[in-house]
Amino acid sequence: MAENNNLLVKLDNCGVYKSSKWIVRGISLEIHKGKIVTLIGPNGSGKTTSAKMILKILKSDEGQIKNFASKMAYVPQKINIDWTMPLRVVDFMKLTSHINNLEIVDALKLTGVDNLLYNDIHNLSGGEFQRVLIARAIAKKPDLLVLDEPVQGVDFNGEIALYNLIKKICSTLNCGILLISHDLHFVMSATDHVICLNGHICCSGTPRSIVKNSAYIDLFGEHNATTLSLYQHDHDHSHGTDGRVTNNV
Amino acid sequence: MGELQIMFDDFFTRALIAGIGIAIIAGPLGCLVIWRRLSYFGDTLSHSALLGVTLAYSFSFNITFSVFIISAVVALLLINLQKRTKLAGDSLLGLLAHSTLAIGLVLIGFLTSIRFDLMGLLFGDILAVDVEDITIVYLGGAAILLILYFIWKSLFSATVNYDLSAAEGMRPEISNFIFTLLLAGVIALSIKMIGALLITGLLLIPAAIARNISSSPRQMVIIATLAGVVSVIAGLFVSLEINTSSGPSIIVVALLLFIISLIPLEIKGQLQK
């Protein structure tokens, strides 16, 4: 029963059918509070489509979806804001929720862009915009957070800091996180459950079990697979943005 | 009572009051039309409005009501067609705009028994509004703005990003549908005064002026509304002074304001060099 209370989303054999073919099919997964589930897979394998199904943006054409999440937040993969709309970061942060400027600044501080509060959103760099997107989702205090390649275009040090932030958010908000990522290092070291997609679920399980799976090795290659198993060391420290060892985890 | 009566007795005052009402409704809706790149959509709706007017004359309906129904039907037809055909949105808009316009014009041919002012229909006649028209504009306008206020967050978030809005429970499919009806509503309210050909101008130009000089969405809505009101007032005085037709004069004034609004952009550009 306690297990069930933590359940946020359950997909049972779901799929999306579009222009006479199945984009994804046979997707079954569960997302629980306080856990990170990661979707990995090659381009066009249906990661974003699966995420949209979970977020109720797309309807599943078969199977069953149970969604118990009361507040979902989404960091989409691509977002294009039309130049015809004057929009500052502060306006964007309030897009789907009523939050005050204090909460906004707090969230922007977490991703290191609180200085951009009144900047025109069109003039941000790709990495800065990504940080604003993540801050916006966090500021909503969701119980289910879906991040579709959240650190694209972010500099190397920033990437590590943001991934650490995502991990921290997961426990402080006690929210479930669905992450789509190409960064296998992070996926293997910090997530609870990995799902390997290629139109269907190739394999899934804990990072430790996944790297030994032959379907995973087929999909990502022997070299990556073996390199990554080496990455399964326990992190007892983290690095500041300048590379120095810090212990803020 | 007496003074109010005298005020409404003057055709020019009535025109001013009605025009300002239309401009206030057009401000926020015009911003959304610009943000969503729907200017041709507005055009299509207003062309189909002609059909609505003809039907109103044929069956002696209320014009505003008839135009609203036809515009709404065309809008929904368009959304439906977009899902079914492989044609691009602009082709479908053209198809619907011109075919409804043509049907309207063909029907006018049958209405030989009624004196029909085609020019008035295309360009409107704001100087001919009566107290009943003004009442309809203000009641209808209040309803439109009230509904817009309630769906604004959903509509706005869907304008920025549909997926994000849908994922975060803003129900954009509902607000999009209502927005279409509101657009049909503003066209219905203003057809008599501004005319089928110029309505989109009153929606678009004030919002375009506002875009040039605003840095936040709220600011843009406020400036668009003010720019519309100023255009209406100045346009009507110009038309009275130099005896030009009122609807086009309003649009010309709006265009002049647009040109002036480019100057700050130009100065800013020079300073940044």
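Respectively, the protein sequence lines represent chains U and R.
The numbering of the first sequence is this note's numbering, which starts it at 9 and goes up by one.
The numbering of the second sequence is this note's numbering, which starts it at 429 and goes up by one.
All C-beta atoms, glycine included, are put in the ideal place defined by N, C-alpha and C.
*Measure the C-alpha to C-alpha separation of residue 216 of chain U and residue 153 of chain U and round it to an integer number of angstroms.*
Going from the Cα of residue 216 of chain U to the Cα of residue 153 of chain U covers about 24 Å.
*Spatial neighbours of residue 464 of chain R within its chain, please: CB distance less than 8 Å, with the 5 preceding and 5 following residues excluded, ordered by chain position.*
Counting only Cβ-Cβ distances below 8 Å, and skipping sequence neighbours, we find 587.
*asked:* Using only CA atoms, which one of R:511, R:545, R:482 and R:471 lies nearest to residue 535 of chain R?
replied: Taking residue 535 of chain R as reference, the option from R:511, R:545, R:482 and R:471 with the minimal CA-CA separation is R:482.
*Close-in-space but distant-in-sequence residues of the same chain around residue 469 of chain R (CB under 8 Å, 5 per side omitted)*: Here the set comprises 461, 503, 506, 521 and 611.
*For residue 257 of chain U, does the three-state DSSP call read helix, strand or coil?*
Caution is warranted here: a pLDDT of 39 is assigned to residue 257 of chain U, below 50, making its placement in the model unreliable, and no coordinate value can be reported.
*How far does the beta strand (DSSP E) with residue 209 of chain U in it reach, from first residue to last?*
Unbroken beta strand (DSSP E) run through residue 209 of chain U: 209-213.
*Would residue 559 of chain R be called buried (16 or more neighbouring beta carbons within 10 Å of its own) or exposed?*
Residue 559 of chain R comes out exposed.
_Assigned exposure category for residue 671 of chain R - 16 Cβ within 10 Å defines buried_ = Exposed: under 16 other Cβ atoms inside 10 Å.
*Kindly give me the distance between the Cβ atoms of residue 82 of chain U and residue 592 of chain R, rounded to whole angstroms, as I take these residues to be in contact under 8 Å.*
Rounded, the Cβ-Cβ distance is 5 Å, consistent with contact.
_CB contact below 9 Å: residue 604 of chain R versus chain U_ = No, no contact with chain U.
*For the region 18-27 of chain U against the region 61-72 of chain U, are there 3 or more C-beta pairs whose distance is under 8 Å?*
These segments touch.
*asked:* With three or more C-beta pairs closer than 8 Å as the rule, is the region 216-226 of chain U touching the region 179-190 of chain U?
replied: Not touching, per the Cβ criterion.
*Can you list the residues of chain R that residue 158 of chain U reaches, using a CB-CB cut of under 8 Å?*
In chain order: nothing, as chain R lies at least about 13 Å away.
*residue 597 of chain R versus chain U: which residues are under 8 Å apart at the beta carbon?*
Those are 79, 80 and 104, listed as they occur along chain U.
*Simplified DSSP state of residue 65 of chain U, which is helix, strand or coil*: Three-state result, residue 65 of chain U: coil.
_9 Å is my cut-off, CB to CB: does residue 140 of chain U come that close to chain R?_
At a cut-off of 9 Å between beta carbons, residue 140 of chain U makes no contact with chain R.
*Taking 9 Å as the cut-off, decide whether the C-beta atoms of residue 134 of chain U and residue 160 of chain U are in contact.*
In this structure, residue 160 of chain U lies closer than 9 Å to residue 134 of chain U by Cβ.
*Measure from the C-beta of residue 33 of chain U to each C-beta in chain R and report whether the shortest distance is under 9 Å.*
Under the Cβ criterion of 9 Å, residue 33 of chain U is not counted among the residues facing chain R.
*How is residue 557 of chain R classed by DSSP in three states: helix, strand or coil?*
Residue 557 of chain R: coil per DSSP, three-state reduction.
*Under 8 Å by Cβ, that's how I've got residue 686 of chain R and residue 633 of chain R pegged, so tell me the actual separation to the nearest angstrom.*
Going by Cβ atoms, the distance from residue 686 of chain R to residue 633 of chain R rounds to 6 Å, so yes, they are a contact pair.
*With 16 other Cβ atoms within 10 Å as the buried cut-off, status of residue 144 of chain U*: Around the beta carbon of residue 144 of chain U, 16 or more other beta carbons lie within 10 angstroms, which makes this residue buried.
*Verify the CB distance criterion: does residue 389 of chain R have a CB-CB separation below 9 Å to chain U?*
As displayed, chain R neither begins before 429 nor continues past 701, which places residue 389 of chain R out of reach and without an answer.
*asked:* Just to confirm the assignment: which complete alpha helix (DSSP H) runs, minimum length 4, are found wholly within the region 85-143 of chain U?
replied: You should have 97-101 and 109-118.
*Hey, how far is the Cα of residue 488 of chain R from the Cα of residue 441 of chain R?*
Residue 488 of chain R and residue 441 of chain R: Cα-Cα distance of roughly 28 Å.
*Kindly say whether residue 648 of chain R, judged by its beta-carbon, lies nearer than 9 Å to any beta-carbon of chain U.*
Yes, residue 648 of chain R lies at the interface with chain U (some Cβ there is under 9 Å from its Cβ).
*Hey, is the region 94-104 of chain U in contact with the region 122-130 of chain U, meaning 3+ C-beta pairs nearer than 8 Å?*
In this structure the region 94-104 of chain U touches the region 122-130 of chain U; the number of beta carbon pairs closer than 8 Å is three or more.
_Let me make sure I understand the geometry here. Which of U:209, U:77, U:208 and U:178 has the alpha-carbon closest to that of residue 200 of chain U?_
Closest option to residue 200 of chain U, judged by alpha-carbon separation, among U:209, U:77, U:208 and U:178: U:178.
*Where in the region 451-497 of chain R do unbroken runs of the alpha helix (DSSP H), each at least 4 residues long, occur, reported from the N-terminal end onward?*
Runs found: 467-486.
_I'd like to check one pair, residue 32 of chain U with residue 205 of chain U: are the Cβ atoms closer than 9 Å?_
Yes, Cβ-Cβ distance for residue 205 of chain U and residue 32 of chain U is below 9 Å.
*Going by CA-CA distance only, name the one from U:118, U:130, U:150 and U:104 that's closest to residue 139 of chain U.*
Here the closest residue by C-alpha is U:118.
*Could you tell me which of R:456, R:478 and R:585 sits nearest to residue 569 of chain R, measuring between CA atoms?*
Among R:456, R:478 and R:585, the Cα nearest to that of residue 569 of chain R is on R:456.
*Excluding the five sequence neighbours on either side, which residues of its own chain have a C-beta within less than 6 Å of the C-beta of residue 9 of chain U, listed in chain order?*
Since pLDDT at residue 9 of chain U reaches only 42, below the 50 mark, its modelled position is unreliable, and the value read off the structure follows with that caveat. There are no such residues.
*Alpha carbon of residue 486 of chain R to alpha carbon of residue 539 of chain R, nearest angstrom*: Approximately 7 Å between the Cα atoms of the pair.
*Have a look at the DSSP bridge pairing and note the partners of residue 70 of chain U.*
DSSP lists U:23 as partners of residue 70 of chain U.
*Taking 9 Å as the CB-CB limit, is residue 699 of chain R close to chain U?*
Chain U contact via Cβ: absent.
*Comparing alpha-carbon positions, which option in R:513, R:511, R:597 and R:626 lies nearest residue 477 of chain R?*
For the residues R:513, R:511, R:597 and R:626, the minimum Cα distance to residue 477 of chain R belongs to R:626.
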